[in-house]
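Protein chains in written order, with the UniProt record's numbering: chain A, 1 to 502; chain B, 1 to 502.
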């Protein structure tokens with residue numbers, strides 16, 4: 001019976017993984033009890049109902065056909081080893097067939113099959129083959145939803161059948177990296193046969209002089225996403241409380257869910273993350289981590305550094321502040337708080353994906369007290385960084401002239417987005433990032449229609465996931481031609497959203 | 001008192017993270033009981049002993065100086081906000097100082113401090129500041145050693161003060177990637193501002209046609225290391241049994257330890273991984289995963305595919321075979337077993353780091369039944385792959401002429417290594433990889449001296465970690481000039497190893 005349960009579970013997981021299980025009427029509930037159902041183990045009953053509703057029941061007919069073919073092979077085989085091999089297959093197919101049939105019967109309230117797992121009719125010497133149950137997932141993993149934090153624009157392009165004309169949804173830096181970074185990457189490509197230095201010392205040294213810390217205060221990862229995942233893994237055991245804002249970075253929430261942490265969310269306040277409320281919630285639930293992005297994504301708002309410095313006094317004992325500064329290079333002087341790198345309460349995250357224009361390179365890093373940084377070495381994938389990216393990032397850091405010019409271009413682009421919005425009667429949220437939240441003036445459903453209309457017209461944008469933030473669409477600071485397309489298509493998308501086709 | 005315990009623990013973890021805690025005489029044991037020790041909580045006693053022996057006790061003198069300075073700042077401050085800020089700092093320093101002093105006293109069997117956590121002498125209005133305890137690690141993480149699977153050659157170069165002349169230690173492909181792959185990467189660098197397609201569909205489609213599977217059977221990661229880490233995360237809960245070979249790939253063991261799995265190891269047999277013993281051990285311990293590399297690393301030996309196919313019948317119910325085929329492209333036809341991609345019992349791993357010469361690009365992938373592959377989407381870092389690497393890998397796959405030529409070069413290089421070894425009276429282990437295990441003819445200590453002698457002479461090689469494999473050094477298939485250097489330096493390293501300097 002153990003194999004049975006495993007197979008049942010495996011099938012459910014398969015259906016779950018294939019996304020056919022969500023929103024089922026019977027999901028998670030027992031079948032109602034009826035006379036004659038006594039033989040059904042409650043956990044089985046749930047499983048059978050979910051399977052049947054999801055259409056995940058193995059197809060008895062297919063299995064029967066495969067079983068018949070296997071029996072014919074067995075009959076035809078002359079060598080003993082071949083016969084044994086076919087027999088193992090038969091036993092396996094037979095068992096799967098029995099389970100399928102039994103599951104259907106149970107679901108349909110028919111009497112259970114009288115004698116499962118016995119081969120009949122068929123070769124009498126058959127013994128039960130290895131059950132091929134495959135992976136056994138721990139509960140934490142089995143319960144995780146098969147959701148992905150963000151669908152890539154390429155996937156959307158494939159679904160809608162045409163490429164985007166303006167890629168303004170992922171806050172990528174359309175102006176690309178410093179030419180020096182590009183040259184450095186292309187040169188390094190010639191030595192791509194070498195693993196990158198897993199200690200990233202050259203890059204750490206360069207950054208440490210800029211941040212006023214030691215190399216031992218820095219750890220790299222595959223973007224901030226990679227660093228956030230490792231931080232959560234280091235601190236969050238199943239059930240541990242973690243605090244974030246309602247509508248903040250979904251990938252952080254994804255990692256917390258992935259390690260079984262319990263998320264507690266506080267609302268934004270006037271389109272800003274509410275630091276006092278975040279820290280108060282952290283104290284209330286005794287959070288392991290509180291997440292704050294400054295400047296904020298998805299709204300683009302920011303707090304000045306002094307505000308965060310002062311608030312740190314209210315950070316509860318034992319809570320680590322994960323300060324995501326992905327967009328800090330776009331923000332006004334003084335937005336980054338001054339924090340002693342050895343302060344054990346804070347870990348800050350930076351990236352080459354935004355201002356440095358290297359999103360595709362996957363270079364992010366964390367800065368914190370040396371003991372926490374060194375703990376990352378316990379779990380990280382040491383050889384995970386691309387070697388050319390490492391060289392490109394080093395060159396990018398050193399080109400400050402380029403960074404200054406970029407900031408000006410972004411400011412111009414953001415102003416253009418605000419102008420386009422205003423021309424359509426829409427307000428924008430003040431930003432210190434390379435994107436603008438455009439307030440579509442109605443609810444989330446309306447903004448979603450605008451977003452979909454733009455997508456149909458070749459403009460890729462994204463939007464916040466929850467109210468009231470989801471009244472906005474989020475538009476990245478594009479090139480002139482990108483924003484020409486936006487200016488052209490936004491009125492049409494708005495008109496269509498106001499009078500949607502059923 | 002809660003803060004106290006946390007701080008004590010935090011300090012111990014810090015010492016642990018800094019590697020000063022291993023092999024201490026008192027580690028994990030209680031202090032012996034003595035009259036007057038009744039006030040010491042046993043858990044504290046262990047902590048204090050470990051801290052003191054590790055030299056991890058906070059320096060009272062430094063803390064006292066910082067405290068005095070903070071008090072002076074407080075005295076000098078005129079603005080109320082500044083005074084409050086200094087006071088918070090004073091309270092924190094004072095507490096740390098008290099704890100340091102108390103820990104020393106307890107360790108030295110002195111009487112505990114009479115009244116801890118009270119400010120004396122000092123500003124009377126002080127209240128206890130946030131305790132700045134910082135991160136609280138779950139037990140699993142706290143217990144993890146701060147060891148790294150492999151030190152990079154760059155780190156060794158820094159320590160020894162000179163660069164390597166021949167880089168033959170990491171089984172990198174010194175011949176580099178196909179020129180077409182290089183061109184593709186350099187072209188893609190110009191669009192590095194875009195995130196890579198997180199579904200990797202182009203690459204999956206290309207691979208699926210070659211492997212006879214669907215794109216849904218493939219998942220990418222940052223090298224095989226990244227994929228292995230995610231597999232372990234998906235299947236191994238703390239305490240779950242996992243089977244590998246004694247001396248096999250350390251990074252796999254690192255991931256299993258990292259997720260709290262229990263490793264069971266079986267010895268190699270005649271320098272081959274012992275499939276029957278591995279699977280028997282898996283059955284014995286009810287393993288979640290059994291790891292097998294074919295061809296094997298670090299020995300270079302291999303089993304033919306048919307052997308693995310036949311052995312699968314003995315793979316126990318519920319155990320997943322993690323088949324690491326990093327070196328498969330170098331191996332003879334028939335080395336890869338034919339396995340139905342939907343077989344739930346097996347997941348195989350391949351990479352662009354070895355034959356394709358793109359170790360620095362970080363592109364590895366796993367092939368398995370669609371439900372297991374789709375489970376990776378629950379936990380993986382979706383946007384972790386470098387965009388140029390993705391384009392390079394696609395071009396590399398399509399250049400089969402180049403791959404054929406490479407195989408010939410590797411064969412020549414491996415033969416040259418065997419010839420060099422023979423010229424020094426050393427045997428080599430037959431290989432189907434791009435490296436050769438050279439049997440140094442004595443024990444692990446001797447081989448280690450040879451390895452160190454080679455390193456001093458600018459030749460980077462590695463060696464297996466356990467007996468009897470560690471009689472060998474592992475030499476990657478270098479270029480002609482690389483192996484000229486090996487030929488020149490190996491006799492000297494051997495001579496030196498035979499008559500080591502004390």
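Heads up, the beta-carbon is just placed ideally off N, CA and C, and yes, glycines get one too.
* Under 8 Å between beta-carbons, which chain A residues line up against residue 381 (chain B)? List them in chain order, please. => In the second chain, residue 381 (chain B) corresponds to position 381, counting from 1. Chain A residues near residue 381 (chain B): 222, 223, 225, 226, 229.
* Asked: Is the CB of residue 198 (chain B) under 8 Å away from at least one CB in chain A?
  -> Locating residue 198 (chain B) in the second chain gives position 198, where the first residue counts as 1. Yes, contact with chain A.
* Closest to residue 490 (chain B) by CA distance: which of B:459, B:466, B:248, B:285 is it? -> Here residue 490 (chain B) is taken as the residue at index 490 of the second chain, counted from 1. Of the listed residues, the one whose Cα sits closest to residue 490 (chain B) is B:459.
* Straight-line CA distance for residue 455 (chain B) to residue 262 (chain B)? -> Residue mapping note: residue 455 (chain B) aligns to position 455 of the second chain, counting from 1. Residue mapping note: residue 262 (chain B) aligns to position 262 of the second chain, counting from 1. Rounded to whole angstroms, the separation of the alpha carbons of residue 262 (chain B) and residue 455 (chain B) is 34 Å.
* Between which two residues does the beta strand (DSSP E) carrying residue 292 (chain B) extend? -> For the purposes of this step, residue 292 (chain B) is identified with residue 292 of the second chain, where counting begins at 1. Run containing residue 292 (chain B): 289-293, per the beta strand (DSSP E) assignment.
* Within the 8 Å Cβ cut-off, does residue 441 (chain B) reach chain A? -> Position 441 of the second chain, counting from 1, holds the residue named residue 441 (chain B). Residue 441 (chain B) does not count as touching chain A.
* Pick from B:320, B:473, B:398, B:436: whose alpha carbon is nearest that of residue 210 (chain B)? -> The residue labelled residue 210 (chain B) in the question sits at position 210 within the second chain. When B:320, B:473, B:398, B:436 are compared, the shortest CA-CA separation from residue 210 (chain B) is found for B:398.
* Closest to residue 236 (chain B) by CA distance: which of B:190, B:205, B:319, B:295 is it? -> Position 236 of the second chain holds residue 236 (chain B). Here the closest residue by C-alpha is B:319.
* Asked: Which residues, in chain order, does the segment 384-395 of chain B contribute to contact with chain A at a C-beta distance below 9 Å?
  -> Listed in sequence order: 384, 385, 386, 387, 388, 389, 390, 392.
* Reduced DSSP secondary structure (H/G/I, E/B, other) of residue 233 (chain B) -> Working through the second chain from its first residue, we reach residue 233 (chain B) at position 233. Residue state, collapsed to three classes: helix.
* Tell me, please, which residues DSSP counts as bridged to residue 324 (chain B). => As a working note, residue 324 (chain B) is residue 324 in the second chain. Bridge partners of residue 324 (chain B): B:293, B:349.
* Asked: Can you find a C-beta in chain A that's less than 8 Å from the C-beta of residue 505 (chain B)?
  -> The first residue shown for chain B is 1 and the last is 502, placing residue 505 (chain B) beyond what the model contains.
* **Residue environment, residue 130 (chain B), which counts as buried when at least 16 other CB atoms sit within 10 Å** => Start at 1 with the first residue of the second chain, and residue 130 (chain B) comes out as number 130. Because the pLDDT of residue 130 (chain B) is 34, which lies under 50, any placement of that residue in the model is unreliable, and the number read from its coordinates should be weighed accordingly. By the C-beta density criterion, residue 130 (chain B) is buried, having at least 16 other C-beta atoms within 10 angstroms.
* Asked: Taking 8 Å as the CB-CB cut-off, is residue 186 (chain B) touching chain A?
  -> Along the second chain, one-based indexing puts residue 186 (chain B) at 186. Residue 186 (chain B) counts as touching chain A.
* Run through DSSP, which three-state label would residue 397 (chain B) get? -> Translated into positions along the second chain, residue 397 (chain B) becomes position 397. Residue 397 (chain B): helix per DSSP, three-state reduction.
* Asked: Helix or strand or just coil, what does DSSP make of residue 245 (chain B)?
  -> Translated into the one-based positions of the second chain, residue 245 (chain B) becomes position 245. When secondary structure is reduced to three states using DSSP, residue 245 (chain B) falls in the strand class.
* To do: Identify whether residue 254 (chain A) lies in helix, strand or coil by the three-state DSSP scheme.
  => Translated into positions along the first chain, residue 254 (chain A) becomes position 254. Correct three-state label for residue 254 (chain A): helix.
* Asked: Do you know offhand how far residue 278 (chain B)'s Cα is from residue 200 (chain A)'s?
  -> Here the question's residue 278 (chain B) lines up with position 278 in the second chain. Here the question's residue 200 (chain A) lines up with position 200 in the first chain. Taking the CA atoms as reference points, residue 278 (chain B) sits about 37 Å from residue 200 (chain A).
* Asked: Can the beta-carbon of residue 473 (chain B) be found closer than 8 Å to that of residue 451 (chain B)?
  -> Within the second chain, residue 473 (chain B) is the residue found at index 473, counting from 1. Within the second chain, residue 451 (chain B) is the residue found at index 451, counting from 1. Their beta carbons are under 8 Å apart, which means residue 473 (chain B) touches residue 451 (chain B) by this criterion.
* Beta carbon of residue 465 (chain A), beta carbon of residue 493 (chain A): below 8 Å? -> By 1-based counting over the first chain, the position of residue 465 (chain A) is 465. By 1-based counting over the first chain, the position of residue 493 (chain A) is 493. Taking 8 Å as the Cβ cut-off, residue 465 (chain A) and residue 493 (chain A) do not qualify as a contacting pair.
* Straight-line gap, residue 212 (chain A) to residue 183 (chain A) (C-alpha atoms, nearest Å) -> In the first chain, the residue the question calls residue 212 (chain A) occupies position 212. In the first chain, the residue the question calls residue 183 (chain A) occupies position 183. Inter-residue distance for residue 212 (chain A) and residue 183 (chain A) is about 28 Å (C-alpha atoms, whole angstroms).
* Asked: Of all the beta strand (DSSP E) runs that stay within the bounds of the segment 402-442 of chain B, which reach a length of 3 or more residues?
  -> Within the segment 402-442 of chain B, the complete beta strand (DSSP E) runs of at least 3 residues are 435-439.
* To do: Could you pull out every residue in the same chain whose Cβ sits closer than 8 Å to the Cβ of residue 238 (chain A), ignoring the five residues on either side in sequence?
  => For the purposes of this step, residue 238 (chain A) is taken as the residue at position 238 of the first chain. Around residue 238 (chain A), the same chain offers 140, 259, 260, 261 as residues with beta carbons nearer than 8 Å, after the five sequence neighbours per side are excluded.
* Counting Cβ pairs closer than 8 Å, one from the segment 168-179 of chain B and one from the segment 190-208 of chain A, do we hit at least three? -> Judged by Cβ distances under 8 Å, the segment 168-179 of chain B makes contact with the segment 190-208 of chain A, as three or more pairs qualify.
* **chain B residues whose Cβ lies nearer than 8 Å to that of residue 358 (chain A)** => As a working mapping, residue 358 (chain A) is identified with position 358 in the first chain. Going along chain B in sequence order, the residues near residue 358 (chain A) (Cβ under 8 Å) are 192, 193.
* To do: Report yes or no: do the segment 215-223 of chain A and the segment 365-382 of chain A share at least 3 C-beta pairs separated by less than 8 Å?
  => Contact between the segment 215-223 of chain A and the segment 365-382 of chain A is present, because at least three Cβ pairs lie under 8 Å.
* Asked: Between residue 229 (chain B) and the rest of its own chain, which residues show a CB-CB distance below 7 Å, the 5 nearest in sequence each way excluded?
  -> Translated into the one-based positions of the second chain, residue 229 (chain B) becomes position 229. Excluding positions up to five away in sequence, the list reads 255.
* Anything in chain B within Cβ reach of residue 417 (chain A), meaning under 8 Å, just list it in chain order. => As a position in the first chain, residue 417 (chain A) is number 417, starting the count at 1. Going along chain B, no residue has its Cβ under 8 Å from residue 417 (chain A), so there is no contact; the nearest lies around 18 Å.
* Asked: Do you know how far the Cα of residue 478 (chain B) is from the Cα of residue 169 (chain B)?
  -> The residue labelled residue 169 (chain B) in the question sits at position 169 within the second chain. The residue labelled residue 478 (chain B) in the question sits at position 478 within the second chain. Across the structure, residue 169 (chain B) and residue 478 (chain B) are spaced so that their CA atoms are roughly 10 Å apart.
* Asked: Using a Cβ-Cβ distance under 8 Å, would residue 189 (chain B) count as near chain A?
  -> Locating residue 189 (chain B) in the second chain gives position 189, where the first residue counts as 1. For residue 189 (chain B), the answer is yes, since a Cβ of chain A falls inside 8 Å of its Cβ.
* If you draw a straight line from the C-alpha of residue 241 (chain A) to the C-alpha of residue 267 (chain A), how long is it? -> The residue you call residue 241 (chain A) lines up with position 241 of the first chain. The residue you call residue 267 (chain A) lines up with position 267 of the first chain. Their Cα atoms are separated by approximately 17 Å.
* Which one of B:234, B:202, B:146 has the shortest CA to CA distance from residue 137 (chain A)? -> Numbered from its first residue, the first chain carries residue 137 (chain A) at position 137. Nearest neighbour of residue 137 (chain A) by Cα position, chosen from B:234, B:202, B:146, turns out to be B:234.
* CA-CA distance, residue 463 (chain A) and residue 469 (chain A)? -> Position 463 of the first chain, counted from the start, is the residue given in the question as residue 463 (chain A). Position 469 of the first chain, counted from the start, is the residue given in the question as residue 469 (chain A). Their backbone Cα atoms lie some 8 Å apart in a straight line.
* To do: Report all residues from its chain with a CB closer than 6 Å to the CB of residue 227 (chain A); omit the five preceding and five following residues, and keep chain order.
  => Residue numbering aside, residue 227 (chain A) sits at position 227 when the first chain is read from its first letter. Excluding residues within five positions, the ones whose Cβ falls inside 6 Å are 221, 349, 364, 366.
* **Residue environment, residue 480 (chain B), which counts as buried when at least 16 other CB atoms sit within 10 Å** => The sequence position of residue 480 (chain B) within the second chain is 480, counting from 1. Classification for residue 480 (chain B): exposed.
* Asked: Tell me which same chain residues have a C-beta within less than 8 Å of the C-beta of residue 66 (chain A), skipping the five on either side of it?
  -> The residue labelled residue 66 (chain A) in the question sits at position 66 within the first chain. If the five residues before and after residue 66 (chain A) are omitted, its C-beta is found closer than 8 Å to the C-beta atoms of 93, all from its own chain and listed in chain order.
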